[in-house]
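Just so we're aligned, residue 1 is where the sequence shown starts under full-length UniProt numbering, counting upward by one. Accompanying notes for the structure given below.
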Amino acid sequence: MITLALSKGRIFEETLPLLQAAGITVLEDPEKSRKLILATNSPEVQVVLVRASDVPTYVQYGGADLGVAGRDVLIEHNHALGGNAAGMYQPLDLNIARCRMSVAVRDDFDYARAVKQGSRIRVATKYTEIARQHFADKGVHVDLIKLYGSMELAPLTGLADAIVDLVSTGNTLKANRLVEVEQIMDISSRLVVNQAALKLKREPLRRMIDAFASAIPK
Ligand code: PRT
Ligand code: MG
1 MITLALSKGR
11 IFEETLPLLQ
21 AAGITVLEDP
31 EKSRKLILAT
41 NSPEVQVVLV
51 RASDVPTYVQ
61 YGGADLGVAG
71 RDVLIEHNHA
81 LGGNAAGMYQ
91 PLDLNIARCR
101 MSVAVRDDFD
111 YARAVKQGSR
121 IRVATKYTEI
131 ARQHFADKGV
141 HVDLIKLYGS
151 MELAPLTGLA
161 DAIVDLVSTG
171 NTLKANRLVE
181 VEQIMDISSR
191 LVVNQAALKL
201 KREPLRRMID
211 AFASAIPK
């Protein structure tokens, strides 16, 4: 049995065409079913549904043989382990679930001036490691405030001056009167594979990885 870890929503949706290329169809719709283990048309392949940020954990410890996770999630996961995410390969950038990691502020906050003056900036984010590294590289002093969601609210309530968050269309920022002032990095999702599984289940995993590779969107 091969177990693939996916998160519900955009990663699940955007992985389906890649699975299709490998001849695999998922037999249940995660939006309709409450099941966490989904069967496929192949008796040897099952999909497990986990939180996006739990995908690397499942793959690293062998709860899943492979999975799909955003670059954002992988960087934060790696850091949480002190840079020692042993036991995992990242053979492919799947170029799906694309977005960017950005700094955003309230439209009436003069970010450039705050940076120039060397003021301490309060930054709310779920992505503390990416944010810490970004501002350290720029030599900007920040106080990081860890949040688990709805970052957009932080500048509106006075909790923070700025946020570091993912942006795709920009509609969420606009709806909350926030503006993007810096792009930190491009984000896409990668395939992650458990190293021990790749040895034990070499042939079927290789076939799947090759099929995924051939179907990566441009
Ligand atoms: O919800 P949960 O806590 O379980 O996890 P999650 O929110 O990380 O999961 P999910 O499915 O929302 O995201 C999974 C992965 O998709 C992320 O790790 C990213 O790599 C990738 N991705 C791509 C995105 C976006 N685009 C995206 N736009 N993840 C989140 N967003 C959010 C963003 O945080 C912001 O709130 O969408 C909002 C902005 O979107 P726009 O279109 O309004 O700019
Ligand atoms: Mg989400």
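Each residue gets a CB set at the ideal place from its N, CA and C atoms; glycine is no exception.
Compare the C-beta of residue i with all C-beta atoms of chain B and state if any pair is closer than 8 Å.
i, result
"SER53", "Any reference to chain B falls outside this structure, which holds one protein chain only."
Excluding five sequence neighbours on each side, which residues of the same chain lie with their C-beta closer than 6 Å to the C-beta of residue i?
i, result
"ALA197", "ASP65"
"GLN90", "ARG190, VAL192"
"ARG177", "ASP107"
"LEU205", "LEU198"
"ASN78", "ALA85"
"VAL45", "ILE2, ILE24"
"LEU4", "VAL47, LEU66"
"ARG122", "ASP143, ALA160, ASP161"
"LYS8", "PRO30, LEU49"
"GLY62", "ASN194"
On the criterion of 16 or more Cβ atoms from any shown chain inside 10 Å, does residue i qualify as buried, or is it exposed?
i, result
"LEU38", "buried"
"ALA124", "buried"
"LYS32", "exposed"
"LEU156", "exposed"
"ALA175", "exposed"
"HIS141", "exposed"
"ASP110", "exposed"
"ASP137", "exposed"
"ALA104", "buried"
"LEU81", "exposed"
Note down the Cα distance separating residue i from residue j, rounded to an integer number of angstroms.
i, j, result
"ASN95", "ILE11", "11 Å"
"ARG207", "ALA22", "8 Å"
"TYR127", "GLY67", "20 Å"
"LEU19", "ALA211", "8 Å"
"residue 237", "GLU28", "The chain is shown from 1 up to 218; residue 237 falls before or after that span and cannot be answered."
"ASN171", "LEU200", "45 Å"
"LEU159", "LEU147", "11 Å"
"THR15", "THR40", "13 Å"
"GLU203", "PRO30", "28 Å"
"VAL26", "GLU13", "11 Å"
"PRO43", "MET185", "39 Å"
"LEU36", "GLU76", "24 Å"
"SER119", "GLY139", "11 Å"
"MET151", "LYS116", "24 Å"
"LEU173", "PHE135", "21 Å"
"VAL164", "ARG34", "32 Å"
"LYS218", "GLY83", "30 Å"
"ALA112", "GLU182", "10 Å"
What does a CB cutoff of less than 7 Å around residue i pick up in its chain, not counting 5 residues either side in sequence?
i, result
"GLY70", "ALA52, ALA97, ILE187, SER189"
"CYS99", "LEU166, VAL167, SER168, ILE187"
Are there any heavy atoms of ligand 3 lying less than 7 Å away from the beta-carbon of residue i, as far as the coordinates show?
i, result
"SER189", "The model depicted lacks ligand 3 and carries ligand 1 and ligand 2 instead."
Output needed for residue i: all residues of its chain with C-beta closer than 8 Å, excluding positions within five of it in sequence on either side, in chain order.
i, result
"MET88", "PRO56, VAL59, GLN60, VAL192, VAL193, ASN194, GLN195"
"LEU92", "ARG190, LEU191, ILE209, PHE212, ALA213, ILE216"
"LEU153", "LEU159, ASN176"
"SER72", "According to the sequence displayed, residue 72 carries Asp and not Ser. Closer than 8 Å at Cβ, skipping near neighbours: MET101, TYR127, ILE130, LEU166, ILE187."
"LEU6", "PHE12, THR15, VAL47, VAL48, LEU49, VAL50, VAL55, GLY67, VAL68"
"residue 241", "The first residue shown for the chain is 1 and the last is 218, placing residue 241 beyond what the model contains."
"ILE145", "ARG122, VAL123, ALA124, THR125, ALA154, LEU159, ALA160"
"GLY149", "LYS126"
"GLU180", "SER102, VAL103, ALA104, VAL167, GLY170, LEU173"
Ignoring anything shorter than 3 residues, give me the beta strand (DSSP E) runs that lie fully in the region 25–73, in order along the chain.
Counting only runs of 3 or more, we get 37–39, 45–49, 66–70.
Ranges of the alpha helix (DSSP H) found wholly within the region 100–139, counting only runs of at least 4:
List check, alpha helix (DSSP H) in window: 111–116, 128–138.
Please give the ranges of any beta strand (DSSP E) in the region 143–172, keeping only runs that are unbroken, at least 3 residues long and fully inside the region.
Taken in chain order, the complete beta strand (DSSP E) segments of 3 residues or longer contained in the region 143–172 are 162–167.
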